[in-house]
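12 is the number of the first residue of the sequence shown in the numbering used here; add one for each residue after it.
Every residue gets a Cβ at the ideal spot worked out from N, C-alpha and C, and that includes glycine.
Structure first, commentary second.
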Amino acid sequence: MSVFTGWRAALRIARRDAMRFKGRSALVVAMIAVPVVGVTALDVTYRSVSPTTAEQLTAEMGSADAHFSDQQIGPIEQLPDGDRYEQVDENAPVDENAPPLDISTTFPKGSRAISIQSVPASITTGYGITETDITEFRTSDEMARGRIELVRGEFPHGKDELAATEPFLKSTGLHVGSVTTVRNFGKKYTITGVVEEPDSLNAKALYADPGAVIAPWKAESDRDKKVVPPNTSTTDWLVKGPEGVGVTWPDVMAANKSGVVVKSRQVVLDPPPDSEVPLAKKGGEEYPDFSDGESNAPLITVIAMAVLEIVLLAGPAFAVGARRSRRQLGLLGTCGGDRRHVRAVVLGGGLVLGTIGAVTGVVVGLAATAVFRPTIEAWAGQRFGSLTLNPMEMLLIAVIGLVTGLLAAFAPAIVASRQSVLESLTGRRGVRRSSRVMPILGGCVLAVGCAVAIYGGTSGDSSLVAGGSVTAELGLLACIPVIVGFLGRLGRLLPLSPRLALRDAARNRGRTAPAVAAVMAAVAGSVAVATYMSSTKAESAFDYTPNQTQGTVVLSAFAYSSSGPNAFTQLPLARAAVERNMAVTGGHADFRRVWAGSDCDVYGEDENSCGSLELVKPAGKDRVCPLTEKGAKELAARLSSDEHRKLMQSPACLAGTTASHLFSSGESGIVVADKAMLSTYVKLDDPAAAEALAAGTPVLLNEAYAKNGEATIKAVHRYNEKDKQNRKLHPGKARTTTNRLKVYVAPAKYAATPGFTMIVPRQTAERLGLHTAESGSVYSVSHTPTEAESQQTYGALAQAGNGVVMQTESGPDGSVDAMLLILTLFAGMVTLGAAAITTGLAKADAEADLNTLSAVGAPPSVRRKLSGFQCVVVALTGVVLGTLAGLVPAVALRLVDLRLALQSMRQDPTESAYTPIVLPWPTLGLLVVGVPVLAGLLAAALTRSRLALARRAG
């Protein structure tokens, strides 16, 4: 019999076996198909969400041929893509008073164009008032298609209509048909439709036809001097070139002579040779690239772990299938078949079911991506240009699924071929001792894999990270039988059902180990992704610089004109607005601004026309931040990430970086307030600090300004001639005073408090000859104000007179990368699916044991409990081991990120190199507790209480 004839017979047997046991075959197909579905969906999503150059151009310029933008710097030269341009003569002066260019003169003859111009405006909403940009752009024009799309309603047509994006409407409480007022000049507009920007679905924007907003606003400001003129952007143009010609490279260079940058679809997609591009001949500055392909490390690692996951998921299914078919395989031996033929039949099952699983997975993955496309687009924040399929990648994924199916059947095929014919026919499993070498070998492989992955992370080699992670998981896999055997010894301490479950798992390690390995593989992926995501989120939170303390609302009153009304008179109404509309906790802390001489906010138009105030930093190396001094790069080269982080957070390096306009503290960082500011804003709960303020002693938040418990304030008392009242009281030349004050020095962590550096009691400031004025208040709030709360408060502040500004702190961006979010959800679903399917297979293989248990008189509840605890043992062991296995690639990938961060920090010592590794405790808790408990409950619920009658063989 030829090789092909033997395989043909094996495949025929495998096909019939698959058809005979449809339930088991469906489970095997599911085990192979589920990861293939995920990989297919990720591939299609990645290809679809990554726009091509043509799709990027459409998102920028719609269906137009080119985008024209006047840079107002004289003749320029540009690259074909329009992203880089330079002045022809860098030394040529720019005439800022030159009349604006009529950009239409640079368009090719026979062209048609529409303009784009935006203006910031204050508008009324369903809740109150908000600030937004209104873009004048003829959205109804065919050239806008691809850049702006209509969702519902109608495009604006006329001088009193607007279109809005869905996020804007949701945040403002408006809808199609709502009337809103542009408060800057009092005109009302009706929202006629909802539009979207396909490349930015989360954009909050308003659109109007050209001339609908800016022109009447300018006319009103010309008529009424109290109306501030619109602060418009420069006007860009979308241009449709002559039919069949478009906008060519000569057209681009002609426009460059007038200082206009042009991005032409035709030129970008088919660029001219460098010999025809003047700027390309000059070359350009090259910036260092530290990536070296390291950004692909997460993707390569995920692919490698996905392949291993398919093998381990399908492995137990083939092992169970081979044992359930052992009588058939024994009959094959009695008919003259040898071990080769037994292996061929089991491998044939892998080929048949692997093919079905791979094809099914690809088809279902494509269908799932199409069905859930709107949801994926919402997560990604952009529309797919198209559902992009790469046939070669789809074929490769299917082949990988098929090959891994064969690999999954390889070990069961070897085991089945080694069974004696007698054991196969009688159904006896025999007694096999566990290998003593395999656990030792597995431990060595685990250690080597961890070392390789860590080395790959420190060296930035993505292939070593992926290879080491897979190797470590394989090493842990080899240790599973010993681990399961050890768990069996713990059974003596437990009640009957869990004791039987543990001993059954230890006795049938050949069944338990593959099931544990399958769950371990799925959990390892979940843990790796979740750990990487939580770590990058913690890094982003650390790098974020707040404008004010989290959980506070600051009201600030500004008076920039000596002739205008004092804004502080509006503070009572502003406080009432905050207390009425915000989730305020406790009272408020009032603060006053402080200055020396004439107030620079009022008289600071001319040089040396007002006083100055300075908090003097004492001399000494420990008072200076070494990262901004000479030799900073040499120092950075010697620092580790943690050392650099501690240095960046030191009071010396934070000095001078925390002042804010909110408290009108200026460069001095001094604010006048009482002890309420400590608890409400600074969050300093120390009775000694409150007592110091009450006694007239300032509280210093940054110890770098203190020396021997004292701080120095330098004031220049300079009075302006226009400040007649104070000038009369202080005639003569400006005088300079330097005062050393005993201060309460706060602990070092308070040096990072945003807004100010020192709190001075009012009586102390006046004793030093300084001037103070009521400036604002601070509130603590229980949560970050919502859009509705903020807009309601803005509306109330506007009614109070618009003299008070409210500022809130939203904190770091809580969003995560869309692809990582999708990957996490997929990994979680695979984990639950793998736990359910593998424990179900293990229960099916243990059906004989359950029948024996019923035969000896065990009550039905024991049967159900045993099934539940069997699943708990498999799921819990797999989850714990998977958690350990998943930490290896997560740590290695973070080491890749650390390497990049250190390289960047050593180029710029003030750049953060903090790259934390943060464990996702909620996710780990859900996996370690939720998955095993859920699997156990489902197994117990689905187990039949009564013994099913079995037919005698023969």
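As assigned by DSSP and simplified to three states, the class of G396: coil
I451, buried or exposed, once every other Cβ within 10 Å from all chains shown has been counted against 16: exposed
D233 - containing alpha helix (DSSP H), residue span: I225 to R234
F579 beta carbon less than 8 Å from that of E785: yes
Residue closest to T117, alpha-carbon to alpha-carbon, out of P871, S620, T146 and A266: A266
Simplified DSSP state of Q89, which is helix, strand or coil: strand
Outcome for D235 when other beta-carbon atoms lying within 10 angstroms are tallied against a minimum of 16: exposed
Among R194, S151 and S211, nearest to E177 - alpha-carbon criterion: S211
Residue of K274, A409 and T542 minimising C-alpha distance to V250: K274
Beta carbon of F166 nearer than 8 Å to that of T150: yes
Those runs of the alpha helix (DSSP H) which lie wholly inside the region 481-552 and span at least 4 residues: 491-499 and 507-518
Y805, DSSP secondary structure in three states: helix
8 Å Cβ cutoff met for L457 and L487: yes
C-alpha distance - Q581 paired with A811, whole-angstrom precision: 6 Å
Simplified DSSP state of V48, which is helix, strand or coil: helix
Top-ranked residue by Cα proximity to G453, from L398, V885, T748 and A483: A483
CA-to-CA distance, A726 to L626, given in whole angstroms: 9 Å
Unbroken beta strand (DSSP E) run spanning A77, endpoints: A77 to D81
Straight-line gap, N195 to S129 (C-alpha atoms, nearest Å): 14 Å
Rounded Cβ spacing between G536 and L906 (contact assumed at less than 8 Å): With 8 Å as the limit, G536 and L906 do not qualify as a contact, their Cβ atoms being about 19 Å apart.
Extent of the continuous alpha helix (DSSP H) to which R874 belongs: P871 to Q918
Alpha-carbon to alpha-carbon, T380 and G49: 10 Å
Nearest-angstrom Cα separation, counted from T63 out to T4: Since the displayed the chain opens at 12 and closes at 965, residue 4 lies outside it and no answer follows.
Cβ shell of A10 (< 7 Å), same chain only, five flanking positions each side left out: Missing from the structure shown is residue 10; the chain here goes from 12 to 965 and no further.
Buried versus exposed call for D100 [16 or more other C-beta atoms within 10 Å across all chains shown]: exposed
Within 8 Å, strictly: CB atoms of S788 and R586: yes
Those runs of the alpha helix (DSSP H) which lie wholly inside the region 639-702 and span at least 4 residues: 643-649, 652-659 and 662-665
Given 8 Å, three or more beta-carbon pairs between the region 668-677 and the region 765-778: yes
Status (buried if at least 16 other CB within 10 Å, exposed otherwise) for L501: exposed
E785 - partner residues in DSSP beta bridges: R603
Beta-carbon proximity check, L695 vs Y761, cutoff 8 Å: yes
Beta-carbon contacts of L173 that lie in its chain and below 6 Å, excluding the five residues immediately before and after: P167, Y200, I202, L217 and A219
Under 8 Å between C-beta atoms of A687 and A630: no
Chain-order list of residues whose beta-carbon lies under 8 Å from that of L112 (same chain, five-residue window excluded): D81, Q83, S269, G270 and V271
W10 versus A124: straight-line alpha-carbon distance, rounded: Residue coverage of the chain in this structure runs from 12 to 965, which leaves residue 10 outside it and unanswerable.
Span separating the alpha-carbon of R11 from that of L280: Here the chain comprises residues numbered 12 to 965, so residue 11 is not present and cannot be evaluated.
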